[in-house]
Amino acid sequence: MCGPGGNHMDDDSAVFGGPPGDGAEGPAGGGKDPDDADMVRASLERVRRRGGHVVRYFFAHLFRHHPHLRPLFPALMDDQYERLFTALVGVVEQLNRPGLAARLERLGRDHRKFGVVDADYPAVGASLVAALRRHSPATWDERTEAAWRRTYRSIAAHMTAGARRATAAGEPACWEARVVSHRLYGDHTAVLRAAVPTPYPWLPGQYATVEHQDLPGVWRPYSLAGVAAADERERVLEFHVGRVPGGLLSGVLCDATRPGHRLRLGPASGSALAPPPGTPGVTLIAGGTGWAPVKPVLDELLRRRPAPRVRVDAVARGEAHFYDGAFLDGLLRDRPWLSAYWWYQEQGEGLIRAAERLHEHLRRRRDWAGESVYLCGPAGFVQETAELLFSCGLPPGALIRDPLPASAARRGHVSHAEAFLDPPPVHWIDPDARIGPSADAPAAPPAAPPTAPPAVAPIPAATAAAAVRGRTRAS
Ligand SMILES: Cc1cc2nc3c(=O)[nH]c(=O)nc-3n(C[C@H](O)[C@H](O)[C@H](O)COP(=O)(O)OP(=O)(O)OC[C@H]3O[C@@H](n4cnc5c(N)ncnc54)[C@H](O)[C@@H]3O)c2cc1C
Ligand code: HEM
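The UniProt record's numbering applies: residue 1 is where the sequence shown begins, and numbers increase by one.
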């Protein structure tokens, strides 16, 4: 393990409490000046178009003055520029919003897995201010600098407080895991399992950030896909990794990972948990490896008593892309009352057909009253499907999904074709979605077969070419 075990609860107090400090080098404190947020936002806006230069200068400054911090970052820093700037802009855009303090504390808690310690915060603050000052020669003044210093110190104070609290509570900075099995489906998706020596608490719908032994410093989130009973589930973790062309970690996890390889895992995060107990009907919609979080959510729903009506709509590029089809087939065999529809396009059809067919079908459904929808998949697919569901009358509160990464949300309209054929550049940095694994844990009742089949909305003939249940292809 990377550290001691345990959990902590976060408080949600105002972000900029405490007395104003006197510089970015101070480890704690913070200003309460309401102008600070406006000043730093305006200053950030002025350098936004030169963001790449600012961040390049920032890193050069940081590594020159604090070379010991270089190993904390990945060897290859190509997309780090935009990644860090996006993160920074994201935090600054949220200044003064309720809940930011708790989010920053969780972010600080999670920064421990990078190897970040309290003493590193002043160094980063000094380089940040230096980079901004350098790239705003005409507009930078003492007031702007003071506002940045107070703001940064306040953000850092929340992050270090979160880190200290988690450490004091014995929460591990990360978990060491060992790959126990690895299987590549086609050339597109790997399903791998990793064992942890000490229990890893997580809830259906959550994800873990993962680092591979051969790519130190490269952390990416992957949904937790295991379906075993809670105690076993916390010992062997399953991940489904789709290959992203040119992708760093997905490439290694798909092609160069073998049993015995070491992974490190950050604490389970994510607020898109299984629908609350008592939900009468649930539709689970999964696009591609969006199936990974849906799988344990489905498992949890199937254990509930009374059993909710459950239907699954799984979407993929082609039949071969249903990499976990055997699992779903098994569920369907044993539970004739469970409905599952698999949407894919035939060879020679355009890559948008599967999602279009699903959308046609959703548009025709009339049974949304009382239904909860769990939606997961590529950002563009999730965005379009969510909009469609709302236009069909699904209340926003009935839709469960992880918030979109900031950069994907900013792209505006993303079509099916982009999502499936030319996936958008998604930056999976989303501190908003991080919640502790202990909160609101729904107790999983013991498994027992339900007695009555749930009502199933029929698929119109115009939409479904083949079976009403089982593999439904686009035509
Ligand atoms: C909450 C959450 C859960 C996730 N769960 C899963 C999961 O279960 N399985 C899974 O395979 N992935 C999942 N992801 C995506 C995953 O974290 C990585 O983003 C993905 O594997 C690419 O990482 P990489 O290092 O290979 O690519 P990078 O080296 O980060 O990126 C290479 C290039 O591809 C672009 N890119 C990055 N990610 C994507 C993407 N998803 N689609 C298209 N282009 C992309 C980048 O902008 C860049 O241009 C999840 C993301 C989030 C936020
Ligand atoms: C106080 C201000 C800081 C803020 C707002 C901040 C914010 C962030 C965010 C949002 C991420 C992405 C998290 C993720 O994807 O899991 C990140 C990653 C990271 N941060 Fe920070 N951070 C801060 C300070 C620091 C400090 C002091 C260090 C120490 C050097 C540091 C080192 C890192 C590293 C190594 C990463 C990983 C980069 C990667 O994903 O490749 N951060 N930071």
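Where a beta carbon is used, it is the ideal one built from N, C-alpha and C, also for glycine.
Excluding sequence positions up to five before and after S43, its CB lies within less than 6 Å of the CB of T144, all in the same chain and listed in chain order. Remark: the shortest separation between the CB of T289 and any heavy atom of ligand 1 falls under 6 Å. Sorting L263, Y344 and R305 by C-alpha distance to the C-alpha of T279 places R305 at the top. Taken in chain order, the complete alpha helix (DSSP H) segments of 4 residues or longer contained in the stretch 260-313 are 291-303. Counting only residues of its own chain and dropping the five nearest sequence neighbours on each side, L301 has a CB closer than 7 Å to the CB of A274, V282, P308 and V310. Three or more Cβ pairs closer than 8 Å define a contact, and the stretch 255-265 falls short of that threshold against the stretch 225-234.
DSSP, read as helix, strand or coil, puts T198 in coil. In the three-state reduction of the DSSP assignment, F381 falls in the helix class, which pools H, G and I.
Cβ atoms of T198 and G242 stay farther apart than 8 Å, at about 29 Å. The secondary-structure analysis by DSSP pairs G251 with nothing; it has no beta-bridge partner. Remark: the shortest separation between the CB of P221 and any heavy atom of ligand 1 falls under 6 Å.
Looking from the CA of P245, the closest CA among V180, H188, A208 and A326 belongs to H188.
As summarised for the UniProt domain "Globin" (31-164), the continuous alpha helix (DSSP H) elements at least 4 residues long and confined to that stretch are 34-47, 51-65, 80-93, 100-111 and 120-134, given in chain order. Counting only residues of its own chain and dropping the five nearest sequence neighbours on each side, P293 has a CB closer than 6 Å to the CB of G205, S223 and C376. Set against 6 Å, the gap from the CB of Y344 to the closest heavy atom of ligand 2 is not smaller. Distances taken from the Cβ of A208 to the heavy atoms of ligand 2 include none shorter than 6 Å. Taken from the Cβ of S339, every heavy atom of ligand 1 lies 6 Å or farther away. With fewer than 16 other beta carbons inside 10 angstroms of its own, R50 counts as exposed. C-alpha of Y200 to C-alpha of D324: approximately 23 Å in a straight line. In the DSSP assignment, L184 falls within the beta strand (DSSP E) that extends over W175 to Y185. Here Y57 has A130, A131, R134 and H135 as same chain residues with Cβ atoms under 8 Å from its own Cβ, once five neighbours each way along the sequence are excluded.
For F327, the enclosing alpha helix (DSSP H) covers residues G325 to D334.
Residue A286 holds the alpha-carbon nearest to the alpha-carbon of W343 among E211, F73 and A286.
Contact between the stretch 61-68 and the stretch 206-214 is absent, with fewer than three C-beta pairs closer than 8 Å.
The beta carbon of L265 sits no closer than 6 Å to any heavy atom of ligand 2.
A residue is called buried once 16 or more other Cβ atoms fall within 10 Å of its Cβ, and R333, having fewer, is exposed. For the 7 Å CB-CB criterion, L328 and A316 do not form a contact.
With respect to R401, A272 sits close: the two C-beta atoms are nearer than 7 Å. Annotation for E232: the continuous alpha helix (DSSP H) segment containing it runs A230 to R233.
Contact annotation, F390 with A355: C-beta distance approximately 17 Å; criterion of less than 8 Å not satisfied. For G348, the shortest separation between its Cβ and any heavy atom of ligand 1 does not lie below 6 Å.
Counting along the chain, R220 sits inside the beta strand (DSSP E) bounded by residues R220 to S223. Not one heavy atom of ligand 2 is found less than 6 Å from the C-beta of F59. Bridge partners of I352 according to DSSP: none are assigned.
Per the Cβ contact rule, the stretch 109-129 is in contact with the stretch 143-158 (3 or more Cβ pairs under 8 Å).
The beta carbons of Y121 and A156 sit about 4 Å from each other, so the pair counts as a contact at 8 Å.
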